[in-house]
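Chemist: Handing you this structure, nothing more for now.
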């Protein structure tokens with residue numbers, strides 16, 4: 000019994016009703032008076048010089064208001080590196096790169112005009128393969144890399160295709176290998192995959208008559224987007240308004256910066272008429288970005304008893320044509336590439352590499368799924384080589400309280416062992432319910448995988464809270480309801496602190512004119528940061544209410560009062576209670592004592608990584624942990640994998656809303672299932688061969704295995720009510736757990752995701768033929 | 000030297016540029032997709048039973064979407080009394096009362112449909128005259144008065160037309176008269192006048208798909224309006240959003256509640272399409288409200304030396320057909336009806352009376368101009384009868400620090416004597432520049448008048464402040480920029496506290512989803528209350544910034560730091576300074592330390608009036624004082640008054656922006672000039688005969704006299720930087736000063752406003768004939 004009234008209860012989403020009823024409005028529903036439609040003319044070549052762009056015919060299409068080329072928009076943009084032209088003027092660097100854009104009275108006119116834009120190209124040598132791109136003779140994707148604006152953490156290697164390089168040095172790697180009895184070395188690949196959110200991207204830009212920009216856009220980080228726009232447009236916060244409606248899924252695909260600069264430039268060129276710029280599904284595949292493909296080379300030195308002495312990891316990240324979030328992904332995921340294992344000697348190198356592939360960027364997990372895929376497949380290979388039970392191998396080596404991590408910090412609040420125990424117990428308990436068909440071609444196997452993820456930090460969130468005269472609570476936060484249930488979590492936190500029912504709480508959608516700074520709803524950090532901000536704002540408001548109530552209850556200090564169910568009462572006489580509304584308006588003439596609360600949370604106890612060694616006294620505000628067990632059935636005759644059951648334990652610190660936690664786990668695991676067995680963007684010379692849901696295989700409800708979410712709660716000392724984060728983590732261990740289960744079932748090991756029947760069947764055949 | 004950096008400087012309005020350039024958008028500019036236009040069908044009779052409303056023909060007009068009658072909208076609304084049907088169903092009570100309303104695709108269709116609504120009326124006896132309405136046999140305007148919802152302060156007399164009655168008892172009035180040497184008794188009238196703001200009323204209502212109401216409207220009090228709408232629509236703050244754009248003048252004419260309920264009901268009836276409901280200028284005269292006409296009976300008992308011993312005042316307020324703001328006007332102005340004079344024995348009665356005239360309500364001064372007109376004409380009559388100089392009479396009797404007011408409180412911070420001295424000095428100094436034409440028919444005269452006004456209180460305001468990473472400051476307040484310059488005042492206050500230039504400060508327009516509670520921008524109270532809220536919010540933000548800066552400047556306490564010009568520095572070494580933006584982003588990786596400030600101010604040191612005696616230990620948060628001298632030329636042959644010069648001294652406590660103060664004084668005096676000499680709504684049996692600017696005479700630039708504003712600063716102990724209020728006050732003394740000047744010039748006394756040439760000529764003739 001933790002004494003909470005609301006926190007820890009199963010609470011349905013507060014935005015469920017309007018969403019289910021179709022009453023929640025999304026950007027595609029929005030129509031402004033005089034609004035135009037934008038469309039984009041894209042390069043068919045992966046690398047080419049743009050010789051000429053002729054827009055005369057396009058401009059003559061009836062209904063066309065403006066046609067823009069690279070000459071009209073000479074600046075570069077980018078989240079971590081300013082390397083991307085809004086419209087390419089001299090060079091295109093990937094198939095789908097923007098060479099012109101049109102705004103017209105109708106979508107049809109805009110599309111017709113795009114077809115009539117005539118572009119002359121001179122093709123250039125292109126690089127698609129990561130190793131090739133590192134060769135001295137490789138064509139260079141960005142020759143002027145050093146001239147670009149870049150974030151501090153970006154560490155380019157001029158004259159190469161290396162956009163950013165990261166090294167982690169912990170202990171003495173050579174010494175570690177010298178002391179080892181056994182060395183195991185593997186190489187794993189993850190392909191580019193797509194976010195596949197239901198709602199494709201839209202941005203609507205409008206200039207008001209004073210020249211101020213108003214932008215309605217899908218973004219998980221309105222303030223980060225604002226920072227980018229301020230920098231590239233050379234404007235101030237006074238000149239920009241960003242409004243973010245409900246978002247139909249993001250998964251990192253709606254982090255800055257996307258269509259916004261182009262939507263703004265089309266509106267500017269269209270005599271300040273508003274312009275809606277939207278991507279269709281094909282464009283989501285070729286004109287947006289996918290998850291960064293990665294090659295992970297991992298080499299471990301081991302003692303016979305299973306102790307890991309040394310680990311060397313090299314990760315090559317295929318950033319595609321533009322940096323986007325690549326460098327921070329390289330930084331945040333590479334430092335976790337040795338896994339949640341107590342290893343005295345670690346060396347890691349991460350290279351974020353430009354190629355002429357589709358640009359890649361942020362996606363749920365920010366690189367952690369790619370490295371987890373590698374190190375957790377590797378764990379089972381090690382355990383097999385050593386003849387140790389994979390569970391025991393992990394229990395022995397995983398991070399525990401007090402372990403010094405690869406980043407050199409002494410860890411606190413580590414729930415990983417509990418996650419492993421939780422899945423093992425759950426699995427053991429129900430193992431009998433799964434009956435492998437020993438005689439048929441279908442083989443049963445089970446596999447384990449675990450992970451850790453850091454939360455991008457330091458980060459800051461702030462919130463305002465208002466209590467209205469009828470006791471309604473208004474929460475103002477710039478956190479994004481991207482479908483994950485953040486509105487409900489914030490309402491629960493405020494409800495817990497204020498003792499006001501959730502039904503009386505409204506959480507506003509972000510609007511940069513009003514809702515205060517929040518770094519971003521990414522990196523599984525919003526409940527931790529935004530939740531803390533709302534908790535502090537609610538505490539501030541609570542104190543004000545209780546102070547107002549002192550006179551009514553004739554107590555000396557507000558400490559003697561409490562709030563619950565929308566009422567205030569003295570602790571010594573809880574039956575005599577007053578509604579908050581009545582207290583706020585109890586003054587003479589019924590005038591309102593207005594209550595306004597504010598909260599700000601900045602996780603600056605997280606300390607910078609050393610630029611050379613990536614060591615830090617506190618590398619992140621919060622580490623998150625998880626362990627999954629997958630049970631599969633593999634058909635030896637077809638190579639087809641049927642996933643029977645996944646038990647997924649997550650250390651969430653404290654589940655504010657266990658219902659939301661379970662839903663997050665289930666959603667993440669299903670996404671992990673897709674990436675394990677079917678999803679990949681098939682690329683041929685930089686061209687996506689399956690840019691749509693017909694050929695890109697996302698799991699459907701029929702593919703859903705039984706998923707058993709297990710909530711582990713090892714409270715975080717700074718989290719709101721002890722909460723950690725969760726959103727990205729469930730996707731990470733699933734593919735390795737499934738691969739380990741496949742290996743358990745049929746004795747073959749696949750190193751490249753996804754685990755297609757073709758690959759499994761080939762491996763089975765190769766194994767049987769020796 | 001007060002040491003202020005910004006406060007007290009002449010600062011041009013921050014919203015001037017966009018307004019002058021036409022870039023500020025007003026409601027009439029707004030168009031929502033699918034928006035319909037509303038029009039109102041109005042009663043031609045002052046009092047009638049509605050027998051039938053036939054809308055069949057109206058509904059058949061092409062483009063008509065909905066036609067509403069009283070049956071469709073059965074509830075009553077009202078700010079202080081819920082006595083007004085949104086659409087009359089059984090009875091109309093004034094010419095212009097609403098009997099039906101239409102929403103259509105175009106304004107033309109709506110107008111055609113309104114003409115085709117067929118209404119059957121049965122006329123009823125009506126009352127137009129205040130005294131008649133009090134007769135026992137008078138027709139009763141509201142028979143069911145007691146059944147209405149009403150504010151606490153409303154004190155009706157059932158079975159009569161008295162909507163609210165107020166008494167003030169101070170000392171022993173009979174004893175006071177017994178001790179007097181002389182009794183002077185007069186009776187004064189003020190007609191109904193119009194606000195004449197440039198922008199006529201518009202409300203746009205829209206239901207979002209979830210049923211939530213979004214209302215864009217002109218209101219000086221979004222939160223008071225919200226309270227009314229919540230009550231009558233039985234909804235919560237979660238169900239309503241009020242957005243207030245720039246407003247083209249209000250003067251109390253845009254206080255709640257106006258077109259909003261009808262706009263909402265038209266939108267509801269029009270299958271949730273948005274509806275814009277606007278008044279044309281004629282409707283502003285007949286379908287809105289004017290200033291409450293008043294009859295003031297004032298009787299004073301005096302000692303020969305000019306000491307005022309007793310004063311009995313009876314004020315009849317013609318509230319017209321509906322209460323609107325009448326009862327609070329009756330309360331707030333009646334308690335001031337004895338004037339700013341030290342009188343030991345005062346008795347006041349105020350009656351707020353229903354008639355079948357056009358409803359009357361709030362207008363700049365909230366009743367104080369009407370009573371000032373009376374008591375300041377009366378002051379000169381007394382002075383003349385006693386043979387005392389009017390200036391000396393006032394200096395002797397006016398409120399000073401420590402005087403016990405008619406409301407029984409011991410006054411503090413009274414700048415009235417200073418105002419009188421200031422206008423007298425200024426006038427003396429320049430008196431020679433005015434050369435009366437002694438020989439012609441034009442006679443020169445000068446007249447003095449002074450006033451006091453209370454600020455409606457207790458009242459509360461709150462504000463949020465955000466500091467962005469580029470040092471931009473965003474102020475969120477629900478105060479209304481009604482043209483008075485409040486945005487500039489708030490920016491100056493924040494700038495003073497934060498040491499950030501005004502050019503980096505943005506003040507958001509109100510939006511009830513985001514900007515926090517503010518009772519209203521009325522009663523000259525916004526600088527005092529909203530200014531205090533912003534000052535507190537800025538102090539809160541300032542402290543946070545300085546705390547963040549401690550480490551950078553290596554100081555122990557943030558007290559050792561200061562801010563100026565957008566920089567932070569240590570007091571001991573002011574040359575070493577850092578921009579606020581750089582400090583906020585100085586953390587590792589340039590992450591933002593977010594700064595959010597909040598402030599709330601509730602003037603609850605103002606204490607309730609005793610319901611029987613209207614005595615209080617502190618009747619208002621702040622009394623405001625002013626004195627005007629007018630110099631006029633009266634043509635004895637035509638009765639025409641030419642106003643030469645008005646010197647207007649106002650005790651504003653502290654002029655935050657002296658430029659704004661001077662503009663407010665000039666604007667108010669000009670409005671006072673209009674009401675003194677030309678403005679009145681001419682009524683005949685409840686019908687306005689001059690409902691438009693052709694026949695209703697508002698002064699133009701050509702009528703502008705020389706106005707000399709004089710700023711008197713007697714700081715208020717609670718005001719922001721010592722500021723009091725100002726907005727309404729300048730209108731109040733002008734008419735009496737002019738009337739006293741006319742009397743000085745030609746020796747005649749007019750008791751009814753306005754001072755038309757006809758009245759003056761008639762008086763001159765009557766005087767000369769005997």
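Protein chains in written order, with the numbering used here: chain A, 0 to 769; chain W, 0 to 769.
Note that the Cβ used here is the ideal one computed from N, Cα and C, for glycine as well.
Name the DSSP beta bridge partners of residue 444 of chain A, please?
Modeler: Residue 444 of chain A sits at position 445 when you count from the first residue of the first chain. DSSP output for residue 444 of chain A lists A/631 as bridge partner(s).
Chemist: Is the distance from the Cβ of residue 449 of chain A to the Cβ of residue 415 of chain A below 8 Å?
Modeler: Taking the first residue of the first chain as position 1, residue 449 of chain A is located at position 450. Taking the first residue of the first chain as position 1, residue 415 of chain A is located at position 416. Yes, Cβ-Cβ distance for residue 449 of chain A and residue 415 of chain A is below 8 Å.
Chemist: Along chain W, which residues have their Cβ under 7 Å away from the Cβ of residue 30 of chain A?
Modeler: In the first chain, the residue the question calls residue 30 of chain A occupies position 31. Here the neighbours are 32.
Chemist: Indicate the three-state DSSP secondary structure (helix, strand or coil) for residue 490 of chain W in the structure shown.
Modeler: Mapped onto the second chain, residue 490 of chain W falls at position 491. It is helical.
Chemist: For residue 55 of chain W, does the three-state DSSP call read helix, strand or coil?
Modeler: Looking up residue 55 of chain W in the second chain gives position 56. Looking at residue 55 of chain W - three-state DSSP - the assignment turns out to be helix.
Chemist: How about residue 461 of chain A: is its C-beta nearer than 8 Å to some C-beta of chain W?
Modeler: Taking the first chain and counting its residues from 1, one reaches residue 461 of chain A at position 462. Yes, because at least one Cβ of chain W sits closer than 8 Å to the Cβ of residue 461 of chain A.
Chemist: What does residue 372 of chain W pair with, by DSSP beta-bridge criteria?
Modeler: By 1-based counting over the second chain, the position of residue 372 of chain W is 373. Paired residue(s): none; residue 372 of chain W is not in a bridge.
Chemist: Please confirm whether residue 574 of chain A has its beta-carbon closer than 8 Å to some beta-carbon of chain W.
Modeler: As a position in the first chain, residue 574 of chain A is number 575, starting the count at 1. Judged by the 8 Å Cβ criterion, residue 574 of chain A is not in contact with chain W.
Chemist: Output the distance between the C-alpha atoms of residue 292 of chain A and residue 91 of chain A, rounded to the nearest integer angstrom.
Modeler: Position 293 of the first chain, counted from the first residue, corresponds to residue 292 of chain A. Position 92 of the first chain, counted from the first residue, corresponds to residue 91 of chain A. Straight-line Cα distance between these residues: approximately 21 Å.
Chemist: Mind the definition here: the segment 221 to 231 of chain A touches the segment 182 to 202 of chain A only if three or more C-beta pairs lie below 8 Å; say whether that holds.
Modeler: No, because fewer than three Cβ pairs between the segment 221 to 231 of chain A and the segment 182 to 202 of chain A fall closer than 8 Å, the two stretches do not touch.
Chemist: List the endpoints of the continuous alpha helix (DSSP H) containing residue 663 of chain W.
Modeler: By one-based count along the second chain, residue 663 of chain W stands at place 664. Start and end: 657 to 676.
Chemist: Smallest Cα separation from residue 236 of chain W: which of A/491, A/465 and A/509?
Modeler: Counting from one through the second chain, the residue named residue 236 of chain W turns up at place 237. Ranking A/491, A/465 and A/509 by Cα distance to residue 236 of chain W puts A/465 first.
Chemist: Just curious, the beta strand (DSSP E) that residue 770 of chain W is in, first and last residue?
Modeler: Nothing can be reported for residue 770 of chain W: it is not among the residues displayed for chain W, which extend from 0 to 769.
Chemist: Can you find a CB in chain W that lies within less than 8 Å of the CB of residue 658 of chain A?
Modeler: Position 659 of the first chain holds residue 658 of chain A. Not closer than 8 Å to any Cβ of chain W, the Cβ of residue 658 of chain A fails to qualify, so no.
Chemist: Buried or exposed: where does residue 125 of chain W fall if 16 or more other Cβ atoms within 10 Å of its Cβ makes it buried?
Modeler: Numbered from its first residue, the second chain carries residue 125 of chain W at position 126. Residue 125 of chain W comes out buried.
Chemist: Tell me, please, which residues DSSP counts as bridged to residue 318 of chain A.
Modeler: Here residue 318 of chain A corresponds to residue number 319 of the first chain, with the count starting at 1. In DSSP, residue 318 of chain A forms no bridge with anything.
Chemist: Over the uninterrupted beta strand (DSSP E) stretch that includes residue 268 of chain W, give me the two end residues.
Modeler: Your numbering for residue 268 of chain W matches position 269 in the second chain. No beta strand (DSSP E) holds residue 268 of chain W; the alpha helix (DSSP H) holding it covers 259 to 268.
Chemist: When the Cα of residue 294 of chain W is compared with those of W/279, W/355, W/511 and W/752, which residue comes out closest?
Modeler: Mapped onto the second chain, residue 294 of chain W falls at position 295. Measuring from the Cα of residue 294 of chain W, the nearest candidate turns out to be W/752.
Chemist: Could you name each continuous alpha helix (DSSP H) segment of 4 residues or more that falls completely within the segment 460 to 547 of chain A, going from the start of the chain to the end?
Modeler: Fully enclosed alpha helix (DSSP H) runs of 4 or longer: 485 to 497.
Chemist: List, in chain order, every chain D residue whose beta-carbon is nearer than 8 Å to that of residue 207 of chain A.
Modeler: Among the chains of the structure shown, chain D does not appear; the protein chains present are A and W.
Chemist: Hey, would you say residue 97 of chain A sits closer than 8 Å to residue 41 of chain A, going by beta carbons?
Modeler: Looking up residue 97 of chain A in the first chain gives position 98. Looking up residue 41 of chain A in the first chain gives position 42. Against a cut-off of 8 Å, the Cβ pair of residue 41 of chain A and residue 97 of chain A comes out as a contact.
Chemist: Report yes if the C-beta distance between residue 473 of chain W and residue 480 of chain W is below 8 Å; otherwise report no.
Modeler: The sequence position of residue 473 of chain W within the second chain is 474, counting from 1. The sequence position of residue 480 of chain W within the second chain is 481, counting from 1. The answer is no: Cβ separation not under 8 Å.
Chemist: Between the segment 54 to 73 of chain W and chain A, which residues of the former have a C-beta closer than 7 Å to a C-beta of the latter?
Modeler: So nothing in the stretch comes that close.
Chemist: Where residue 599 of chain A and residue 172 of chain A are concerned, what is the direct C-alpha to C-alpha distance, given to the nearest angstrom?
Modeler: If you number the first chain from 1, residue 599 of chain A lands on position 600. If you number the first chain from 1, residue 172 of chain A lands on position 173. If you take the alpha carbons of residue 599 of chain A and residue 172 of chain A, they lie about 42 Å apart.
Chemist: Comparing the C-beta of residue 515 of chain A with each C-beta of chain W, is any distance below 8 Å?
Modeler: Numbered from its first residue, the first chain carries residue 515 of chain A at position 516. Cβ-Cβ to chain W under 8 Å: yes for residue 515 of chain A.
Chemist: Closer than 8 Å, CB to CB, is residue 592 of chain W near chain A or not?
Modeler: In the second chain, residue 592 of chain W corresponds to position 593, counting from 1. True, the Cβ-Cβ gap to chain A drops below 8 Å.
Chemist: Quick one: what's residue 185 of chain W bridged to in DSSP?
Modeler: Here residue 185 of chain W is taken as the residue at index 186 of the second chain, counted from 1. In DSSP, residue 185 of chain W forms a bridge with W/297.
Chemist: Which residues of chain A have a Cβ atom closer than 7 Å to the Cβ of residue 17 of chain W, listed in chain order?
Modeler: In the second chain, residue 17 of chain W corresponds to position 18, counting from 1. Those are 209, listed as they occur along chain A.
Chemist: Would you verify that the beta carbon of residue 695 of chain W is, or is not, closer than 8 Å to some beta carbon of chain A?
Modeler: Locating residue 695 of chain W in the second chain gives position 696, counting from the first residue. No - not a single Cβ of chain A is within 8 Å of the one on residue 695 of chain W.
Chemist: Nearest-angstrom Cα distance between residue 431 of chain A and residue 425 of chain A?
Modeler: The count along the first chain starts at 1 and reaches residue 431 of chain A at position 432. The count along the first chain starts at 1 and reaches residue 425 of chain A at position 426. Residue confidence for residue 431 of chain A is low, a pLDDT of 46 falling below 50, so the modelled location carries little weight and cannot support an answer.
Chemist: Determine, using beta carbons only, whether residue 30 of chain W and residue 123 of chain W come nearer to each other than 8 Å.
Modeler: Counting from 1 along the second chain, the entry for residue 30 of chain W is found at position 31. Counting from 1 along the second chain, the entry for residue 123 of chain W is found at position 124. No. Outside cutoff.
Chemist: Any idea what DSSP makes of residue 332 of chain W, helix, strand or coil?
Modeler: Start at 1 with the first residue of the second chain, and residue 332 of chain W comes out as number 333. Helix at residue 332 of chain W.
Chemist: Going by DSSP, what residue range makes up the beta strand (DSSP E) through residue 36 of chain A?
Modeler: Position 37 of the first chain, counting from 1, holds the residue named residue 36 of chain A. Unbroken beta strand (DSSP E) run through residue 36 of chain A: 35 to 41.
Chemist: Please list, in chain order, the chain A residues whose beta carbon lies closer than 8 Å to that of residue 36 of chain W.
Modeler: By 1-based counting over the second chain, the position of residue 36 of chain W is 37. By Cβ distance, chain A contributes nothing, its closest Cβ being about 15 Å from residue 36 of chain W, past 8 Å.
Chemist: Would you give the residue range spanned by the alpha helix (DSSP H) that residue 705 of chain W belongs to?
Modeler: For the purposes of this step, residue 705 of chain W is taken as the residue at position 706 of the second chain. Looking at the DSSP string, residue 705 of chain W is not in any alpha helix (DSSP H); the run it does join, the beta strand (DSSP E), is 705 to 711.
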